[in-house]
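Mapping the sequence shown onto full-length UniProt numbering, position 58 (from 1) lands on 58, and the numbers just tick up by one.
Accompanying notes for the structure given below.
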Amino acid sequence: MYYAGKEDRGFATDNSAASGKNRNAFRAFLDAIARLFSPRGASYKDSYFLYAFSQRYRNNSYDLSRAYDGAQSYTMNMRPNESDEANRLEALHAYDILDSAPEDGFDQLVMLGATLCGTSMAVLCFVDSEREWRKAVFGTAVIEVPRAESICARMIDAREALVVSDFHSARIFDKAPIGWRFFAGAPIVTAEGFILGTLCVMDEKPHTMVAAQMDGLKALAQQAMARLELRRYQRQGPELQRDRFCQLADSMPHIVWSADRDGTIDFANHSIVEYAGLRYASDIGKLWSELLHPDDFSRTLEAWEQSVQTGEIFSAEYRLRRGSDNAYRWHIAKGIPVRDDQGNITKWYGTTTDIHDMKLAHEEIGRLAFFDTLTGLPNRQLLMDRLAHTVTLHDRIGRTGAVLLLDLDHFKNINDTIGHDNGDLLLVLVAKRLLASVADRHTVARLGGDEFVIILEDIGTCDETAAQAATKLARNILDALNASFNLDGYERHITPSIGIAFFGSPAQSITELLKRADLAMYQAKAAGRNTMRFFDPAIQEAALVRASLEAELRQGLARQEFVLFYQPQMNSAGNVIGLEALVRWNNPHRGMVSPADFILLAEDTGLILPLGRWVLEEACRMLVFLTANSSTRHLSVAVNVSALQFRQPDFVAVVLDVLHSSGAHPGRLKIELTESLLLEDIEGAIQKINELKKHGVRFSLDDFGTGYSSLTYLKRLPFNQIKIDQSFVHNILNDPRDLAIANTIIALGQTLHVAVIAEGVETSTQRDLLAQCGCTLFQGYFFSRPLPEAQLQDFLRRHLAA
C-alpha cells in the first residue's frame with residue numbers, strides 16, 4: 001500500500017556530496033525518464049512511479065548511471081503494457097456493469113465505507129479506457145470523470161491500495177480534485193488478478209487511517225467483487241450459475257453461502273470449514289444455529305425470517321464461534337434474493353464477512369470520542385449529551401436534579417512537586433473515589449483538567465428535599481477525598497471545592513446550569529476551600545456586573561479613557577519634593593472611576609499589563625515635562641507596579657525601554673512595590689531591583705507593616721524609601737499602638753538610612769505628631785488631593801513661587 005502526504009524530500013539528501021549543479025542535473029535526468037516511461041509523459045513531480053523511485057534512492061549520491069538502471073527497471077515493472085490493459089478492459093466489460101442503474105447492494109457498500117473511515121464522501125468506481133465511471137456514490141453527485149483526471153486510475157497502474165492523508169502536502173499530484181483533502185482507496189480485483197476499479201473514500205479535511213480501517217475498506221472492496229460475480233451469475237443459466245458460483249465461492253476469503261426459497265441454507269464455501277472446524281461445508285445448514293452466539297440468535301433468526309417472507313435484502317451482524325479456540329468473532333451477513341421472470345424468489349445468495357477487528361476499532365473510536373482516556377469517565381461531550389437529556393426529562397416529569405461541579409484545590413502543586421505522572425495517578429484515584437461515593441444511576445464525568453461534574457437525578461420534588469440530598473452527597477465526597485492518597489510512595493492530601501446548582505421545571509440551558517455551578521464552586525474557594533456552596537442568584541448578579549465591567553475595561557483601554565492624577569509629596573518645610581501618579585478611569589457612563597473599583601479586575605484578567613505600561617509611559621512623559629522647567633526638574637514621580645507586572649520576565653526590559661523611548665531621567669522615577677508581592681520570589685525581586693538601580697531608578701516599599709513584614713528581607717532589599725501606610729496614620733492620635741508602629745518604622749528607616757514618608761496625612765495635628773517622631777516626608781489630603789495634570793500645574797506654580 002502506498003501512502004502519500006509528506007513533503008517530497010527525495011532529491012535533497014544530507015549526506016550527499018553532490019554540488020548544486022549535480023542536483024539540478026539529477027532533477028533534469030528524472031524529468032527525462034518520466035517523459036519516457038510515464039503513460040502521459042509527465043514531469044518527475046507528477047510521476048507516481050518516479051516519486052516512489054526517488055524515495056528509494058534518496059539516501060544515495062547522484063550516480064546517474066545507477067539511477068537510470070533503477071528507474072528503467074522500477075518504472076517498466078510498474079507500468080502495465082497495452083496487452084494487459086486490453087485484457088483488463090475485456091474483463092471489465094464482461095461484467096456488463098458500466099452505465100447500469102443504481103443497486104442497493106453497491107450503495108450500501110459505499111455508505112459502510114464512509115461510516116467506517118469517518119469521511120463525508122465515498123464512491124465505488126470502475127476505470128474504463130477513457131473514463132472513471134461510478135456505480136455507487138455517497139456524499140457526491142459526480143458520476144463520471146475523465147480517466148486522465150482520475151485518482152483511481154493511478155491505482156490501476158500501481159496495482160495497490162492508496163492513501164493520501166492530505167493533498168495539500170502530497171507533491172506527487174499537481175492538484176487535488178475540487179473539495180478533496182483526503183483520499184483512500186482499495187482495488188476491486190477479479191480472481192484472475194485484473195483490477196476493475198476501486199472502492200474509495202474522500203473528505204474535505206485531512207485524515208489519518210488506522211490499520212483496521214484500511215483492512216475494512218479492503219474487505220468492502222472484496223465484497224463489491226463478490227457482488228459483481230453474483231450479479232453476473234443471475235444473468236446465466238442455473239447449472240452454469242451453480243458451477244461458477246461454487247468455483248468462485250471457494251476462491252473467496254469470506255464465507256459465501258446460498259439458501260433455497262424457504263430460507264434453508266443449502267451451500268457454503270470452504271471458508272466455513274476452515275473457520276468453524278466443520279467436517280463438510282454442507283454441515284452448515286444443520287449446525288448454523290449452534291455456531292451463533294446465544295445472545296445474537298433470536299434477533300438474527302427474526303431478521304432472516306423477515307427477509308425470506310418479504311423478499312427484502314438480508315443484513316445482520318452477529319457473532320460466530322471459531323472452531324480453533326471457541327472464541328466468538330463478529331461477522332456481517334448480506335443476502336440477496338434471485339427471482340424468476342414472474343418475480344418469485346427462487347434462490348438466496350449471500351456472504352458472511354469477519355468484521356471483528358473493524359468493530360473493535362469502531363468501539364475504540366467511540367470510546368475515545370465519548371470517554372476520558374485517563375480516568376475512563378464520560379468526557380465533556382458525553383456529559384453535555386446526558387445533561388441535556390436529563391434536564392429535559394426532569395422538566396417533563398416535574399422532578400428536581402442537581403449538578404455538582406468539583407475542582408481540586410491546589411492541584412498544580414502536585415504536578416510541580418512530584419511530577420505529572422503522579423498528578424495523573426491522583427486524577428484516576430479521585431475518579432474511583434467519586435464513583436464509589438455516587439449511586440449507579442447518577443453520572444460522574446471529567447470536565448477537563450482537575451474538574452469533575454456529577455449529575456444527580458431525581459433527588460426530590462421540592463428545594464428542601466433536593467438540597468438535603470445534594471448536601472449529603474457533597475459531604476460524602478468531601479470525606480472521601482480528604483482521606484490521604486498514596487501516590488507511588490508519596491503520601492498526599494487533596495481537598496475539593498464543590499459548587500451545586502439545581503435543575504427542574506422550568507428547564508434551564510445546560511450552559512447556564514454549568515455556569516451557575518461554576519460560580520458556586522468559586523464561592524466555595526473564596527470561603528476557604530474544602531467546602532461546598534449552593535448557587536445564589538446574588539452571585540450571578542455580581543458575576544454579570546463583573547463581566548460587564550470587564551468588557552468596559554477592555555473598551556476603555558482601546559479608547560484611551562484612562563488618565564493620571566498626581567498627588568504631591570511634601571517635606572517638613574512645606575516644599576514639594578515629588579509626585580505619586582495615580583490612575584483614574586474616565587468612563588463615559590460611570591464617570592470618574594476610582595482604581596479601587598477596577599484594579600483588582602484588571603489584575604485578574606491580565607489587563608493590568610497593558611494598563612501598567614501605559615501608566616509608566618504617561619508618568620515618564622510627565623517627568624520629561626517637569627525636567628524641562630528649572631523649578632520642577634528636581635521632582636520625582638512615583639509609579640505603583642502590580643504583582644503581575646513585576647513578576648513578568650521582561651519587567652526590567654519594559655521599564656528601561658519606556659525610559660529610553662521617553663527620554664525621562666531614570667533617577668527621577670520611583671517604583672512603588674507592596675511587600676506582599678516580594679515574598680513569592682525574594683531572590684528574583686532583589687535581582688530586578690538591583691538591575692534597575694544600576695540605571696538610577698529608585699524604589700519605595702509601599703504599605704509597610706500591613707503584610708508579612710520581615711526585617712530580614714527589608715535588610716536585603718535595596719529600597720530607597722519606606723511608606724507608612726495610611727491605616728496607621730488615620731488613628732495615630734487615638735490609638736497608642738498605631739503611634740508605636742509609626743514611631744518604630746521611622747526609627748527603623750533612620751537606622752537603615754532609608755527615607756520614610758507617611759501617607760494619608762489629613763490634618764496638621766497628624767503631621768505635627770509624625771514630625772515629632774522624626775518623620776520628614778508627608779503625603780495626603782492635608783496638602784492636596786490627587787490632581788489632574790492641569791490643576792497640578794497651578795498647584796506647582798503656587799507652591800514653587802512661594
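Virtual Cβ for every residue (Gly too), placed ideally from N, Cα, C.
Predicted, not measured: the structure shown is a model, and the values here were computed from it.
Rounded C-alpha distance that separates residue i from residue j
i           : j      : result
Phe783      : Leu701 : 21 Å
Leu514      : Asp650 : 38 Å
His799      : Gln793 : 10 Å
Ile500      : Leu393 : 19 Å
Val403      : Phe503 : 8 Å
Thr605      : Val583 : 17 Å
Pro788      : Ala388 : 55 Å
Leu196      : Leu382 : 43 Å
Val639      : Leu406 : 41 Å
Gly323      : His293 : 13 Å
Val453      : Tyr713 : 44 Å
Gly760      : Gln648 : 30 Å
Arg633      : Asp409 : 52 Å
Asn731      : Gln468 : 48 Å
Val624      : Gln772 : 36 Å
Ala445      : Ala474 : 15 Å
Asp63       : Cys152 : With a pLDDT of 42 at Asp63, under the threshold of 50, the modelled position of that residue is not reliable, and the figure given next carries that caveat. Going from the Cα of Asp63 to the Cα of Cys152 covers about 34 Å.
Lys688      : Ala653 : 10 Å
residue 807 : Ala122 : Given a span of 1 to 802 for the chain in the structure shown, any question on residue 807 remains unanswerable.
Asp262      : Ile455 : 52 Å
Ala790      : Gly663 : 22 Å
Pro786      : Lys525 : 36 Å
Ser437      : Asn482 : 13 Å
Nearest candidate by alpha-carbon position, reference residue i, set the options
i      : options                           : result
Thr417 : Glu363, Tyr490, Asp215 and Ala480 : Tyr490
Glu618 : Asp84, Tyr566, Val110 and Arg767  : Tyr566
Ile498 : Ala480, Phe485, Ile510 and Met521 : Met521
Asn571 : Leu777, Ala276, Leu116 and Ile689 : Leu777
Arg559 : Asp768, Leu611 and Gln726         : Leu611
Gly376 : Ala790, Trp180, Thr443 and Gln721 : Thr443
Leu607 : Gln555, Asp260, Glu580 and Glu512 : Gln555
Thr190 : Glu762, Met592, Ala94 and Arg533  : Ala94
Gly398 : Arg329, Asp479, Gly449 and Ala507 : Ala507
Asp536 : Asn530, Leu519, Lys525 and Gln766 : Leu519
Gly113 : Arg131, Phe126 and Phe138         : Phe138
Val256 : Thr390, Cys246 and Thr264         : Cys246
Met622 : Leu579, Asp657, Leu656 and Arg590 : Leu579
Trp288 : Ser509, Phe267 and Val308         : Phe267
Tyr233 : Gln222, Ala219 and Leu248         : Leu248
Ile722 : Ala551, Asn734 and Gln750         : Gln750
Met384 : Ala628, Leu447, Tyr328 and Gly335 : Leu447
Continuous alpha helix (DSSP H) stretch holding residue i: start and end
i      : result
Gly749 : Pro736 to Leu752
Met384 : Arg380 to Ile397
His331 : Looking at the DSSP string, His331 is not in any alpha helix (DSSP H); the run it does join, the beta strand (DSSP E), is Tyr328 to Arg339.
Cys117 : Asp104 to Cys117
Val210 : Unbroken run through Val210: none, as it is neither H nor E.
N-terminal and C-terminal residue of the beta strand (DSSP E) that residue i is part of
i           : result
residue 803 : Given a span of 1 to 802 for the chain in the structure shown, any question on residue 803 remains unanswerable.
Thr351      : Ile345 to Asp354
Trp133      : Arg131 to Phe138
Phe783      : Taken as a continuous stretch (DSSP letters only), Phe783 belongs to no beta strand (DSSP E), as it is neither H nor E.
Leu408      : Gly401 to Leu408
Lys412      : It is not in any beta strand (DSSP E) - Lys412 instead sits in the alpha helix (DSSP H) that spans Phe411 to Ile418.
Cβ-Cβ distance between residue i and residue j below 9 Å
i           : j      : result
Ala758      : Gly780 : yes
Leu426      : Ile477 : no
Asp99       : Ala212 : no
Ser642      : Ile599 : yes
Glu160      : Arg147 : no
Leu124      : Phe106 : yes
Ser307      : Phe297 : no
Glu603      : Asn587 : no
Thr115      : His254 : no
residue 805 : Leu659 : Given a span of 1 to 802 for the chain in the structure shown, any question on residue 805 remains unanswerable.
Thr119      : Val201 : yes
Residues that DSSP places opposite residue i in a beta bridge
i      : result
Phe625 : In DSSP, Phe625 forms no bridge with anything.
Trp257 : Ala268 and Gly350
Tyr490 : Leu487
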